[in-house]
Amino acid sequence: MAASSPLPRWAPTPSPSGPLWSTSASSSTAAATADPWCGLTACLSSSVFFAPLPVGPPKNDAVAGNFDGVETTAGARRDDETKSSCPETTMFLTWEDLSVTAVSGGSSSEVSLILDGLSGQARPGELLALMGPSGSGKTTLLDALAGRLGPNMKRRGDILINGVRDNKLAFRTSAYVTQENTLMATLTVAEAVHYSAQLQLPDSMSPAEKRSRADNAIQNMGLAGVSGTRISGRACKGISGGQRKRVSICMELLSSPALIFLDEPTSGLDSAASYHVMSRIAGIAGREGMTVIAAVHQPSTEVFELFHGLCLLAKGRTVYFGPASKAIEFFDDNGFPCPMRMNPSDHFLRMINTDFEESEEGSTINLPRAAEVIQTLVNSSSSLGTLRTKTEATKTIIQSASVKKKKQASFLTKSVILTKRSFINMHRDLGYYWLRFAIYIALCLSIGTIYFNIGHTYASIQVSGSFKFKRYSTESNEY
Ligand SMILES: Nc1ncnc2c1ncn2[C@@H]1O[C@H](COP(=O)(O)OP(=O)(O)OP(=O)(O)O)[C@@H](O)[C@H]1O
1 MAASSPLPRW
11 APTPSPSGPL
21 WSTSASSSTA
31 AATADPWCGL
41 TACLSSSVFF
51 APLPVGPPKN
61 DAVAGNFDGV
71 ETTAGARRDD
81 ETKSSCPETT
91 MFLTWEDLSV
101 TAVSGGSSSE
111 VSLILDGLSG
121 QARPGELLAL
131 MGPSGSGKTT
141 LLDALAGRLG
151 PNMKRRGDIL
161 INGVRDNKLA
171 FRTSAYVTQE
181 NTLMATLTVA
191 EAVHYSAQLQ
201 LPDSMSPAEK
211 RSRADNAIQN
221 MGLAGVSGTR
231 ISGRACKGIS
241 GGQRKRVSIC
251 MELLSSPALI
261 FLDEPTSGLD
271 SAASYHVMSR
281 IAGIAGREGM
291 TVIAAVHQPS
301 TEVFELFHGL
311 CLLAKGRTVY
321 FGPASKAIEF
331 FDDNGFPCPM
341 RMNPSDHFLR
351 MINTDFEESE
361 EGSTINLPRA
371 AEVIQTLVNS
381 SSSLGTLRTK
391 TEATKTIIQS
401 ASVKKKKQAS
411 FLTKSVILTK
421 RSFINMHRDL
431 GYYWLRFAIY
441 IALCLSIGTI
451 YFNIGHTYAS
461 IQVSGSFKFK
471 RYSTESNEY
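Counting from 1, position 76 in the sequence shown corresponds to residue 76 in UniProt numbering; the numbering is continuous, with no gaps.
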């Protein structure tokens, strides 16, 4: 599919202003000169976070090569070179036989299996899409990989980062954009991103650099037009849901995390905005060597073309894992060809959605039962058989790589910024500050009037505060 794509081939665009991160620029440039492929990965660490438009992902063909790479001699060579030259912060994330169960509350304590023996991997510089019908387990898989499962969920199986088992590492070092937005409503878009830059970026960066990076991020997420608008508010509507989502992504991408989880980054966006957002994310992943795992609903054909890898889930099981560009072939091989001119993701989801069986009476489309399709695909050796080989191979290749947490602002800087942000929030939030202020004034007045104009004699004071004095005198008598 990727080969027949009418889309232009994007290339990473270096910034004319030079890298914003001052570290390792020269060494990675040298690596890039020595070998073009691993040089791409190496120079990712030195290239700018956001380049001028247009930006885009690395080519899908090359990506397909990466996914296939472990199986071929040439591909294995590439991986080896990646290991030797990639920055310490790149992350190969591998999961094997991952299962998640949830215990529902109550006396019966029912245990339900949400994910059932999933295996897969996500690689630096690539965008792995998690797709599947609603309730198939996409968010649960993201949470499991990110180490954010709820207290009633239990995980089995292995999660390896650069070949090393560390259950807390992903939680400590990755960024996560949740389905729900958790933004401070009273701030404007620009303020939210600027404060986030000051909190996340290290003190070694000058305030001007942080500001410039935040401004670029706003620009690249298409938010320049609403940068002065408040995120939300009681009096005004604020920005739209899709724009809020973009602000969340923008804030998480600021620190160029080595690993980022995105839960439905395109929800609430129109197809053009979805394409632009995803192409920028894929472009950044390519340039920065960032590992991106995104749960995506109904991507358009153009957005689907941007995915490097695809993990298709149905009822908590892996239906397909591999290069996105090979998914059509996989469905075709298993007897479920994608009709001409149909969006491939629509076809995949339609075939494996058990919630609405379309072969029921009245339907003009005679599809096989989704449960049978899922079973056939899950059993298909071309999906899971090769996957196991791939994960094993990757594990041995990358075992020695290490992960370091990126530097953040110091405790003092964070305290100052958070206090400042909190004051702005209190000042602007009618409910949080002004109504509370009014209540305290009313309370003071009510209590104060008890003693208003009480006179100056001992008796008048005793009359106004009699309940207190009486109690005092009673207690005094008792003791
Ligand atoms: N904490 C939990 N306790 C019990 N069941 C849960 C819990 N979290 C998720 N589930 C169940 O697991 C299943 C998968 O949920 P999940 O949110 O991962 O699906 P999803 O594919 O992300 O869905 P959607 O696309 O609609 O967001 C659902 O049936 C859900 O009810």
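All C-beta atoms, glycine included, are put in the ideal place defined by N, C-alpha and C.
- Neighbourhood of ligand 1, defined by CB distance below 5 Å to any of its heavy atoms: Ala102, Ile114, Ser134, Gly135, Ser136, Gly137, Lys138, Thr139, Thr140, Gly150, in chain order.
- Under the 10 Å beta carbon count, alanine 175 is surrounded by 16 or more other beta carbons and is classified as buried.
- Per DSSP, arginine 155 is one residue of the beta strand (DSSP E) stretching across 153-161.
- Counting only residues of its own chain and dropping the five nearest sequence neighbours on each side, asparagine 425 has a CB closer than 6 Å to the CB of Met184, Thr186.
- At the C-beta level, glycine 120 and phenylalanine 321 come within 8 Å of one another.
- In this structure alanine 294 is in contact with leucine 127, their Cβ atoms being roughly 7 Å apart against a cut-off of 8 Å.
- By the neighbour-count definition (other C-beta atoms within 10 Å, threshold 16), asparagine 220 is a buried residue.
- In this structure, valine 189 sits near isoleucine 231, with a CB-CB distance shorter than 8 Å.
- Around the CB of asparagine 162, 16 or more other CB atoms lie within 10 Å, so the residue is classed as buried.
- One alpha carbon belongs to lysine 138, the other to alanine 146, and they sit about 12 Å apart.
- For phenylalanine 336, there is no enclosing beta strand (DSSP E), as DSSP gives it neither H nor E.
- Remark: C-beta atoms of isoleucine 461 and isoleucine 450 do not approach each other more closely than 8 Å.
- Distance from the CA atom of isoleucine 417 to the CA atom of leucine 253, rounded to whole angstroms, is 19 Å.
- With fewer than three CB-CB distances shorter than 8 Å, the segment 150-159 does not count as touching the segment 297-307.
- Sorting Pro124, Ser464, Leu377 by C-alpha distance to the C-alpha of glycine 335 places Leu377 at the top.
- In the three-state reduction of the DSSP assignment, tyrosine 451 falls in the coil class, being assigned neither a helical nor a strand state.
- Straight through space, the alpha carbons of isoleucine 281 and histidine 347 are spaced by roughly 25 Å.
- Across the set Gly448, Ile447, Ala409, the C-alpha of Ala409 shows the shortest separation from the C-alpha of aspartate 203.
- Each of Phe423, Thr291, Ile374 was checked against the Cα of threonine 94, and the nearest Cα belongs to Thr291.
- Here the alpha carbons of serine 267 and glycine 238 stand approximately 18 Å from one another.
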